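K.L.:
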Amino acid sequence: TVYRTKRGVEKTLFQLTIVLVALFIIISIVALRIS
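Sequential numbering of the sequence shown, starting at 242, is according to our numbering.
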């Protein structure tokens, strides 16, 4: 169960990282368009 939970946490962190990168890219594009 611990291994399963650890994999679940790793998967969540992986998805969170993708979301953060996507947000960063979007914010960068918006900032470039404004300036």
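We put the CB at the ideal spot given by N, CA and C, even for glycine.
Values in this document were obtained by computation on a predicted structure and should not be read as measured data.
Tell me whether residue 276 sits in a helix, a strand or coil according to DSSP, three-state version.
P.N.:
Working through the sequence shown from its first residue, we reach residue 276 at position 35. Correct three-state label for residue 276: coil.
K.L.:
Between the C-alpha atoms of residue 258 and residue 251, what's the straight-line distance to the nearest angstrom?
P.N.:
Stepping through the sequence shown from its first residue, residue 258 is reached at position 17. Stepping through the sequence shown from its first residue, residue 251 is reached at position 10. In a straight line, the C-alpha of residue 258 is about 10 Å away from that of residue 251.
K.L.:
How about residue 264: is its Cβ closer than 7 Å to a heavy atom in the ligand PLP?
P.N.:
By its list of ligands, the structure shown contains no ligand whatsoever, and the ligand PLP lies outside what it can speak to.
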